[in-house]
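I have placed the structure first, in the form of structure tokens, so that the comments after it can refer back to it.
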Amino acid sequence: MKERNLLLLLVLLAVTTFFVNNSALPTDIMEARNLVTAREIVADGNWMVPTMNGELRLEKPPLPTWVAAAIESVAPDNLAAQRLAPGIMGVVWTVYLVLLTAKVSRRRKLGYTAGIVFLTCYQIVLMGRTATWDIYCHAFMTAAIYYLYCGLSADKSHQWRYLPMAGVMMGLSFLSKGPVSFYALLLPWLLAAVATLRLSARGKWKALTCMIVLCLALAAAWYIYLYAFEPKAVQQVIGKETGSWAHRNVRPWWYYWRYFAEMGIWALLTLAALALRYWKRVLPEWRTYMMAALWGIACVVLLSFMPEKKYRYLLPVMAPCAIAVACLVYHMHEASDKASLVLWQVHRWLIAVVVVAMPVAVWVMQLLPVWQAVMLTVLCLALAVDVARPLRGDSRSWRLLLGAAGAFMLIECFLMGSIAKAMGNPGSHSIAATRHMPQLHSLPFYFPQGDSLRIEIVYQAHRKILPLNMADSANVVSHTPMVLVSSRWNSAVLSPAILSRVDTVMVGTYDDNTRPRGSRHYQQCFVNHVTIIKPKK
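Quick note, the sequence shown lines up with residues 1 to 537 if you use UniProt numbering.
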């Protein structure tokens, strides 16, 4: 593998992973929360105490939302522009993962290999295309780990070059999603590094103290401000978040047993990488491999201790797993042991089958226009032949990387929008249409207090939709004229006492489900009736 070719492939893959067709996927609940908060920061001018649909939004640290608000002020209501920021953070995460791998192994090729594996994990692709918090905190923490490793592995003369930067990156990580990445990424790395790497803090305590002070200063600044101006709200948020970790989405400790499947096309090699004793004996770069393998195992174990579990919480595990898989892939160019050769054969044929299956699915499901389908078919067949043909030596690793990267780039360039459309809701009629109705522009929007309102509805409506006590007829009439948004019909929401004093004008029924009716993901809460309520003349 030529270093120049690896770097070129890595750059092309990063561009397509994070920036090509980046607005194709629909907005999910986490992204909607972030963008609604960003809009209200811009509209209300309150950057330090943000709100979401009119209520204080203090559950998440503000850095990613500040970035989203800055973009909103420059490019209002531009989803593609909003997703540039997480894309850039995805590039930052990749760069520091490459630097860390190359620094530990002293092999730049291995670093580039780790970056390519990392960018072909589907969780990274998805999170790098949504404007949420996770990719910020883990990108900054990986940068912090890189600087921390450089500071602890270098001699005393270089400590001040690296350790203060580690503190800054840790502080930015905390400002992005609190202590999440400290627990899910930094602590597992420290456990793995102590066991495998040669680190020394001797004579570096002043620089380490500076690192800690910088981290605390950045991490605590916003919280100190909140304690000064919103102490009751902060206490409520702390109690709410503490309770949610213990009682919400509780899963058994073994819930993450199939974590390797989150690596997608690299799942087989991720599972094979658990054979620690074998690979430690076989791999020339065994120290890097052991660091990564133990780091990944520690990540999964520590995350398994938490009662609340979701598969997206495995996002930080992708980083150490990518390094461990990269060690195996890099070794294949010179491998002579039977296990490596068998893994290489199985994996290259697996990639070839996936690549061939892509155009078949396109033709069967009619996902693309004919000329695009023909072009994709030609490219896929050429890539599959290149991956499957007999190879030796240096080309083994390169073909695996080229096959995986090529498959992902073809999907991201040709199929991302088509897949989203095919899985979407053909009967969708979004409440976003109300934004273009002049008769609604000056009216406040409300929903029945006690009913649930999805934040995605607020995002699509592009305005606050506040709760209103519908049991108090005098209160309801005093708020007219207004717009009522409800998943129930007016007859179930408005009492006879209210109906006798107001006129109602039905605007329409809107369905914001991103999945088709009949799907198990279709939810009635995304179907809302919009009505203008005016006082009787």
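For glycine and all other residues, C-beta sits at the position ideal for the given N, C-alpha and C.
From a predicted model like this one, the values you see are computed outputs, not experimental measurements.
Judged by DSSP in its simplified three-state form, Leu-274 adopts coil rather than helix or strand. As summarised for the region 65-107, there are no continuous beta strand (DSSP E) elements at least 3 residues long confined to that stretch.
Cβ-Cβ distances below 6 Å link Trp-295 to Pro-188, Trp-189, Ala-192 and Pro-320 in the same chain, with the five nearest sequence neighbours on each side left out; the list follows chain order. DSSP places Pro-359 inside the alpha helix (DSSP H), whose first and last residues are 338-365. When DSSP states are grouped into helix, strand and coil, Lys-232 belongs to the helix group. Straight through space, the alpha carbons of Thr-17 and Gly-115 are spaced by roughly 12 Å.
In the DSSP assignment, Met-482 falls within the beta strand (DSSP E) that extends over 482-486. Where Gly-508 is concerned, the enclosing beta strand (DSSP E) starts and stops at 502-511. Residue state for Met-470 is assigned as coil, using DSSP reduced to three classes. For Tyr-446, the enclosing beta strand (DSSP E) begins and ends at 445-448.
Secondary structure note for Thr-196: it is in no beta strand (DSSP E), and the uninterrupted alpha helix (DSSP H) holding it is 187-196. Annotated as proximal: Ser-428 and Asp-511, with beta-carbon spacing under 7 Å. Taking a cut-off of 8 Å for Cβ pairs, the region 414-429 and the region 451-465 do not touch, as fewer than three such pairs fall below it. Of Trp-205, Ser-153 and Leu-415, the smallest CA-CA separation from Thr-196 is found for Ser-153. Pairing Arg-463 with Leu-410, the inter-Cα distance amounts to about 37 Å. Listed in chain order, the non-local C-beta contacts of Pro-448 below 6 Å within the same chain comprise Met-470, Ser-486 and Val-493, local neighbours out to five positions each way being set aside. Inter-segment contact for the region 403-421 and the region 367-377 is present: three or more beta-carbon pairs are separated by less than 8 Å. Taking C-beta separations shorter than 6 Å and ignoring five residues to either side along the sequence, the partners of Glu-40 in its chain run Thr-51, following chain order. The alpha-carbon separation between Glu-31 and Asp-77 amounts to approximately 13 Å. If you draw a 10 Å sphere on the C-beta of Val-530, you find 16 or more other C-beta atoms in it, and that means buried.
A Cβ-Cβ contact shorter than 7 Å links Val-502 with Ile-533. For Ala-388, same chain residues with a beta-carbon under 8 Å away, outside a window of 5 residues either side, are Arg-348, Trp-349 and Ala-352 in chain order.
Cα atoms of Leu-226 and Val-234: separation of roughly 7 Å, rounded to the nearest angstrom.
Distance from the CA atom of Ala-69 to the CA atom of Ala-38, rounded to whole angstroms, is 4 Å.
In the DSSP annotation of this structure, the continuous segment of the beta strand (DSSP E) that includes His-529 starts and ends at 527-535.
Annotation: the continuous alpha helix (DSSP H) that includes His-138 extends over 134-153.
If you compare the alpha carbons of Ile-135, Leu-110 and Pro-62 with that of Ile-88, the shortest gap goes to Ile-135. Leu-379 and Gly-151 have their C-alpha atoms some 46 Å from each other. Looking from the CA of Gln-366, the closest CA among Trp-344, Tyr-330 and Phe-414 belongs to Phe-414.
Residue state for Val-49 is assigned as coil, using DSSP reduced to three classes. For the pair Ala-474 and Tyr-446, the Cα-to-Cα distance works out to about 15 Å.
In the three-state reduction of the DSSP assignment, Glu-456 falls in the helix class. In the DSSP assignment, the residues bridged to Leu-56 are Thr-51. Taken atom to atom, the span from the alpha-carbon of Val-11 to that of Asn-528 is near 44 Å.
In terms of CA proximity to Lys-156, Gly-203 leads the group Leu-148, Leu-484, Gly-203 and Tyr-122. In the DSSP assignment, Gly-128 falls outside any alpha helix (DSSP H) and carries neither an H nor an E.
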